[in-house]
């Protein structure tokens, strides 16, 4: 068993309205950043977990996403292994 | 109307490259029967394009076409001298005096909330707000009527938590206070939560505007958010049963609410209406541009021509079919005065929103859709909006219900355990327990007009600058309707009216949200018909016409329907807000008077559900004449300022009603000493939910007036006890027993139940 | 007194604040967030609501509005500025007040009456209250949990910049009386100069007996009295 740190990125499903992204996009444009084409806001979740190997860790994290971390109706998710410890608040 | 030669005005409509071919399967997938499709072909006199099929399927869906409800709904009373706008518009409107009008309506978002509770509920609130401000009224209050399965399921807790957060976040962000509603938990709603939202809006009478496309040549403009692929075919979706295997791919894309944009749209719309630059405005709700444009044309007896290439879209490559049927939120369709389009645009720009001309009003009565100038749909508007076939079906009561109703309940008159223990158990039942956990997530005081907040029988909003206020409530006991639909529906109306008189409001009109199962089934249609007939009778008795509402059928999962739940949203008027009566006992030494009579009708009660998980027996009987007399008497008592509190006696019976009066908002619970002389078993006296009862309290020197007014109205009334002190117990003495409870323990059961339950984890999965 | 009620896209307590100012005799004017110039006003009020939907961070986008440059300048001259609820969040984002308002500890929106203890009755905004007076005032927010670093908190406490604190009916600043998890039960603070007040509770909603409380009036009458004492 080893310790793994995983990063889960939860994003709005493509095509789903992202009101937050829209409002930030508008604000960036009005502050003069005209070149911004689109903005989407998701969230990053950091998991420290113990598993047999990296595959098992990934699998567990994906199961957590399906069950709890992401809303399958409105969100998609990606999981990746993080090498360096992340300065996220615990 | 002239008989325009259709052959002259109809343009040639060729199939659009890339669109699927129309097959019987495709027609069936669009929810149209073979007969309905043949009728459409007759109307059209030619083959349909794919775009036209989509348009018909939305407009002739149950949701838009009211196929299975229209004929019965026509029976409901809709008129009274104070009704300014009856059914058929975005919302009903009544005159409340001093130049003010009240727009109000209730609407369901059951199916979307079952798929995604937070967004489903949020967009439900968004939709009903738009229905109100498109009438020219500023939304001043929201109520929510919610039903879920039993809370011991993690999935149900997830739905409940998500719906409450969705209702709250949307209304809170807009800044419309939530003033009440109801939350019910029963296994009868396990697979199908019921999410009904009601909104009230105030305006000066002359500010009323309607949703019609008047003035040939006037431009049609879309206003607000852009169009995406959200909820395409939401209208047909809302007209189908949910099934367990409805996996993600078959789900229509869920709509996401953006209350921030809605707030801007609200302000912009009211400014637009005040500017006089527009002649009509309508929300793009179910079936999006299709229904708003065709209905606006239909109402004015005009036609419309709109070009899909001009519609601002959020996603690339959207087809006319998709744009027409998209249910993207926070959008409006307006008809501008020709030549004043720029005013519309500049008002919208001020609010950082878009407005764009997408077509115009025509004189040919046709709903014509172009794509970059090429016609892709061309349909006569009136048959599209009003020509949907309507059905009256065979209705037969289910045999199982007959048996349930005839269940012998006599064994339940013997308490299973001691009375105080049962009483505390009832107080902690999620149906009786305080809903503070819910309404503390709502902003109830924004707009500084909330005179009575949630937690009681009805909410009250004062009208600034006048002495008046308006009250509103939602009510329905689905168990009663399930056991006997006609009586149950009458009780729903009666209880709503009773709730209003308890705060001192004269009941004035109703909006209804009829939540039922699949109407193609004979026993469901029976429930629907009986409920409508019961509602009709009660509305006539209380002089509360129906000014609009919503029908939600197909609330079934795997063939099992919800309890028939015709939710009544009722509004009332208070002429002098200083006479509003509270709901809780207030002062030591006050007399407690019971108006109405106790009975041993235990059928359909919360007591049976809590103690035996039983929904059985006949619902309590209701005498509309006696009920009306009771309500008039209470209004007379509030007008005379004789009362300190008034509370409707309903769920959990007399004992729970007295407990609610004693506990109040939890700040200062107060004891009572009550003695009842009914010759009935204690279980019946304490927990039966007999109709026609109101518990009031008054200063001891007012009791004589209270009893006199009751007598004049022929209402049974008796002083049953008095209010004691905060340190005293809660005591009820009966001929066959007594019950005494400690206020601290009662408060813990009553206020602590929902927070404790909702501390347990909830899961999105089943 | 002439007061400006600054309105941002998504403000929803602007009207309530406008009416509250009028109730104490002020001449109130709405100032749209894109307007410039606050000359001629005696006080500036930032209302509650959900400016820009609270997207990104509450107050973060509104803080970038053109009018905020003028609000900052107005505050620098020592003139009174009040931010209520979302207005408080904007003042923190704009750096006019220290600290930040994060999500309520319960993670739920909190809409109810709370009790506040007046910690300072000698500010521009609280002169009409008694020290230690207990007020009943509504709150309505999802992000009202006041946080700041240790040094800032110490500074606020040492200098007496905490104006209102959440307390129970007995006036004790208990955990149970804290509706959102704020450090030290902080409900409202002033800046070093004493001319900028930020508070999460809504005094403008506690101005009438019919609506449940009149305990909020003091904030507005105190402001009016301070301004007339200055003789402006």
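Chains as they are written, first to last, in this note's numbering: chain A, 143 to 232; chain B, 975 to 1740; chain C, 1434 to 1665. For glycine and all other residues, C-beta sits at the position ideal for the given N, C-alpha and C.
Contact with chain C by residue 162 (chain A), beta-carbon distance below 8 Å:
Residue contact check for residue 162 (chain A) against chain C: a CB pair falls below 8 Å.
Residue 1206 (chain B) versus residue 1301 (chain B) - alpha carbon distance:
Going by the C-alpha atoms only, they are around 6 Å apart.
Between which two residues does the alpha helix (DSSP H) carrying residue 1729 (chain B) extend?
Following the DSSP letters along the chain, one finds residue 1729 (chain B) inside the alpha helix (DSSP H) bounded by residues 1717 to 1733.
Beta-ladder partner(s) of residue 1190 (chain B), from DSSP
Beta-bridge pairing links residue 1190 (chain B) to no other residue.
Kindly indicate if chain A contains any beta-carbon less than 8 Å away from that of residue 1730 (chain B).
Not closer than 8 Å to any Cβ of chain A, the Cβ of residue 1730 (chain B) fails to qualify, so no.
Output yes if chain A places a C-beta closer than 8 Å to the C-beta of residue 1243 (chain B); else output no.
Taking CB atoms only, residue 1243 (chain B) has no neighbour in chain A less than 8 Å away.
Work out the CA separation of residue 1729 (chain B) and residue 1568 (chain C) for me, nearest whole Å.
In a straight line, the C-alpha of residue 1568 (chain C) is about 26 Å away from that of residue 1729 (chain B).
Within-8 Å CB hit, residue 1665 (chain C) to chain B
At residue 1665 (chain C), the pLDDT of 47 sits below 50, so the modelled position is not reliable; the number obtained from the coordinates is stated separately. Closer than 8 Å: no.
Against residue 1494 (chain C), what residues of chain A qualify as contacts under a CB-to-CB distance less than 9 Å, listed in chain order?
Going along chain A in sequence order, the residues near residue 1494 (chain C) (Cβ under 9 Å) are 165, 166, 168, 169.
When you compare only the Cα positions, how much space is there between residue 1661 (chain C) and residue 1435 (chain C)?
Computed Cα separation, rounded: 11 Å.
Mind checking residue 1432 (chain B): buried by the 16 CB within 10 Å criterion, or exposed?
Burial call: buried.
CA-to-CA distance, residue 1281 (chain B) to residue 1347 (chain B), given in whole angstroms:
When rounded, the distance between both Cα atoms is 7 Å.
With a floor of 3 residues, list each beta strand (DSSP E) that falls wholly inside the stretch 1451 to 1514 of chain B, ordered by position along the chain.
The stretch 1451 to 1514 of chain B contains these whole beta strand (DSSP E) runs: 1480 to 1489.
Under a Cβ-count criterion, where at least 16 other Cβ atoms within 10 Å of its own Cβ denotes burial, should residue 1172 (chain B) be classed as buried or exposed?
Within 10 angstroms of the beta-carbon of residue 1172 (chain B) lie 16 or more other beta-carbons, which makes it buried.
Helix, strand or coil at residue 1599 (chain C) according to DSSP, with G and I counted as helix:
Here residue 1599 (chain C) sits in strand by DSSP.
If we cut at 8 Å on Cβ distances, does residue 1664 (chain B) have a partner in chain A?
No, residue 1664 (chain B) does not count as interfacial toward chain A.
State the start and end residues of the unbroken beta strand (DSSP E) segment that holds residue 1040 (chain B).
Here residue 1040 (chain B) belongs to no beta strand (DSSP E), and DSSP marks it neither H nor E.
At which residue ranges does the stretch 1012 to 1069 of chain B contain complete alpha helix (DSSP H) runs of 4 or more residues, listed in the order of the chain?
Taking only runs of at least 4 residues, the alpha helix (DSSP H) segments lying wholly in the stretch 1012 to 1069 of chain B are 1024 to 1033, 1036 to 1039, 1044 to 1047.
Which of the three DSSP states is assigned to residue 1219 (chain B) in this structure?
Bear in mind that the predicted position of residue 1219 (chain B) carries a pLDDT of just 44, short of 50, making it unreliable; the figure below should be weighed with that in mind. Three-state DSSP puts residue 1219 (chain B) in coil, outside helix and strand.
Just the C-alpha distance for residue 1185 (chain B) and residue 1587 (chain B), rounded to the nearest angstrom, thanks.
Residue 1185 (chain B) and residue 1587 (chain B) have their C-alpha atoms some 48 Å from each other.
Output yes or no for whether 8 Å exceeds the beta carbon distance between residue 1350 (chain B) and residue 1444 (chain B).
By the CB criterion at 8 Å, residue 1350 (chain B) and residue 1444 (chain B) fall outside the cutoff.
In the DSSP assignment, the alpha helix (DSSP H) including residue 1104 (chain B) goes from what residue to what residue?
That run of the alpha helix (DSSP H) goes 1091 to 1107.
Test: residue 1485 (chain C) CB closer than 8 Å to a CB of chain A:
Yes, residue 1485 (chain C) counts as interfacial toward chain A.
State the Cα-Cα distance for the pair residue 1561 (chain C) and residue 1654 (chain C), rounded to the nearest angstrom.
Near 7 Å, if we compare the C-alpha coordinates of residue 1654 (chain C) and residue 1561 (chain C).
Could you check what DSSP says for residue 1325 (chain B) in three-state terms: helix, strand or coil?
Correct three-state label for residue 1325 (chain B): coil.
Classify residue 1472 (chain C): buried if its beta carbon has 16 or more other beta carbons within 10 angstroms, exposed otherwise.
Exposed is the call here.
Can you tell me whether DSSP reads residue 979 (chain B) as helix, strand or coil?
No answer about residue 979 (chain B) holds up, because its pLDDT of 45 lies below 50 and its placement is not dependable.
Using the rule of at least 16 other Cβ atoms within 10 Å of the residue's Cβ for burial, across every protein chain shown, is residue 1117 (chain B) buried or exposed?
A residue is called buried once 16 or more other Cβ atoms fall within 10 Å of its Cβ, and residue 1117 (chain B) is buried on that count.
Extent of the continuous beta strand (DSSP E) to which residue 1135 (chain B) belongs
Not the beta strand (DSSP E): residue 1135 (chain B) falls in the alpha helix (DSSP H), residues 1128 to 1148.
Roughly how far, in whole angstroms, is the beta-carbon of residue 1645 (chain C) from the beta-carbon of residue 1546 (chain C), given that I think they are within contact range, below 8 Å?
About 7 Å separates the beta carbon of residue 1645 (chain C) from that of residue 1546 (chain C), a gap short enough to meet the 8 Å contact definition.
In this structure, does DSSP put residue 1270 (chain B) in helix, strand or coil?
Residue 1270 (chain B) carries a helical assignment under DSSP once its states are collapsed to helix, strand and coil.
Does the beta carbon of residue 1218 (chain B) sit closer than 8 Å to a beta carbon anywhere in chain A?
Confidence is the limiting factor: at residue 1218 (chain B) the pLDDT is only 46, short of 50, which leaves the residue's position unreliable, though a coordinate-based value still follows. Not one chain A Cβ lies under 8 Å of residue 1218 (chain B).
CA-CA distance, residue 1052 (chain B) and residue 1077 (chain B)?
Rounded to whole angstroms, the separation of the alpha carbons of residue 1077 (chain B) and residue 1052 (chain B) is 15 Å.
Pull out every residue of the stretch 1115 to 1149 of chain B whose Cβ sits closer than 8 Å to any Cβ of chain C, in chain order.
Residues 1139, 1142, 1143, 1146, 1147, 1148, 1149.
Cβ of residue 1497 (chain C) within 8 Å of any chain A Cβ
With 8 Å as the cut-off, residue 1497 (chain C) counts as an interface residue toward chain A.
C-alpha gap between residue 1343 (chain B) and residue 1526 (chain B), whole angstroms:
Per the coordinates, the alpha-carbon of residue 1343 (chain B) lies some 29 Å from the alpha-carbon of residue 1526 (chain B).
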